[in-house]
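Residue numbers (the UniProt record's numbering): 1 to 68.
Below, the structure is given as structure tokens:
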């Protein structure tokens, strides 16, 4: 990714809407599918390591979405 190449010695924070974050998470981890996307809360937070490991770090006190 271009951001990672430009700022390889820095931490990067990305903020976006659920759809774009879902697309990025699926790109990095193909098991992040539609069902997992529907389980996202608002807000939600994921830690993405340089090796593309994805971990959800938001506690379940976010607002549940209404995607059914």
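Even for Gly, the Cβ is constructed at its ideal location relative to N, Cα and C. Only a predicted model underlies this, so the values are computations on that prediction, with no experimental measurement involved.
Can you give me the C-alpha to C-alpha distance between residue 40 and residue 23, rounded to a whole angstrom? The residue you call residue 40 lines up with position 40 of the chain shown. The residue you call residue 23 lines up with position 23 of the chain shown. Going by the C-alpha atoms only, they are around 13 Å apart.
Between which residues of its own chain and residue 25 is the CB-CB distance below 7 Å, once the five residues before and five after are set aside? Along the chain shown, read from residue 1 onward, the residue named residue 25 stands at position 25. Closer than 7 Å at Cβ, skipping near neighbours: 32, 46, 54.
With a CB to CB cut of under 7 Å and the five nearest residues on each side skipped, what residues in its chain are close to residue 68? Here the question's residue 68 lines up with position 68 in the chain shown. Because the pLDDT at residue 68 is just 47, under 50, the model does not fix this residue reliably, and the value given afterwards should be weighed accordingly. Hits under 7 Å: none found.
Euclidean distance between Cα positions of residue 52 and residue 4: Within the chain shown, numbered from 1, the residue matching residue 52 stands at position 52. Within the chain shown, numbered from 1, the residue matching residue 4 stands at position 4. Roughly 11 Å between the two C-alpha positions.
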